[in-house]
Amino acid sequence: MWGDDACDWPRANSSTSLASRADWVLAGALPSSDDFPADWGYGLSGSLRRSSLPETTASSTAPQPGPRAVYEPAQCTKIPQLLTHSGAALAAELDVDRYTQLFARNARIWDWPATGESDEHGPSAHFEISVVPDGPERIANYLDWLGRCGSYQVTNYDFNGRFKDHRSATTVRKDHWTDDAVVAAVVTRTFVTAGRDEPPVTYLVSYYALRGVILECSVHMETTGDRELVQRRAAETLQRLRAL
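Heads up: the sequence shown begins at 241 in the working numbering, then just goes up one per residue.
Set out below in structure tokens:
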């Protein structure tokens, strides 16, 4: 469904790497508050000074506060850079919430997309634009990892080292396409927490690599209409990035 629309999107009007653009310029490609219903929560943030996370993909060496999550089986312990964001520089990010809330955000652990840990409460969506030297390769490596680790288990710990929860994760590839400017992948990522009487949590996640950046959109919404709205905003963001 995503690939069919790719040919209708405008081609980039420049071959210049988007990494050369200021963070505020990249942030301007993200949706505005007017692009969502007035009663949704909206928060846009960016970096005043761009800096990259250390280059690493191994869970045994990746820096993070507190204990590291433990992954099983053994072939799934080396988490891809697309999930850890290592070597990437965050330019801008946007969060929207279906229900407006005020809460304190905890520091995100390095591999939070793979652990199922989230600081959101309820239906939400997250957009981010990161500057990376190798976006297409990151997507390719992630899809290769999925071939071995479409399902895995992860044990999480709190910042004091105490056991927190154990989850099963299942990822399904929904789409993968390329054109002369973009490499894209779309997956659903579902987490089931053991020993809890709560439904599985599923995220629809889209990755777009183009001209030195990756646009990521993660959607956890209750209704089809809300999910489709966020997906349209992600497609519009990609259009604006192409045009820069």
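We put the beta carbon where it would ideally sit given N, CA and C, even for glycine.
Predicted model only: the values in this text are computed from it and were never measured.
When the Cα atoms are used, P277 and V371 turn out to be separated by approximately 29 Å.
Below 8 Å, enough C-beta pairs join the stretch 446 to 455 and the stretch 410 to 426 to call them touching: three or more. A buried status is given to R338, since no fewer than 16 other beta-carbon atoms sit within 10 Å of its beta-carbon. Here DSSP, grouped into helix, strand and coil, assigns T256 to coil. E456 sits buried, since 16 or more C-beta atoms from the chains shown fall within 10 Å of its C-beta. Beta-bridge pairing by DSSP links L444 to T428 and V459.
Annotated three-state conformation of R480 is helix, per DSSP.
If you check the CB distance, V422 and A259 do not come in under 8 Å.
Cβ-Cβ distances below 7 Å link P440 to T430, F431 and V432 in the same chain, with the five nearest sequence neighbours on each side left out; the list follows chain order.
With a threshold of 16 other beta carbon atoms within 10 Å, W264 falls short and is exposed. A residue is called buried once 16 or more other Cβ atoms fall within 10 Å of its Cβ, and A262, having fewer, is exposed.
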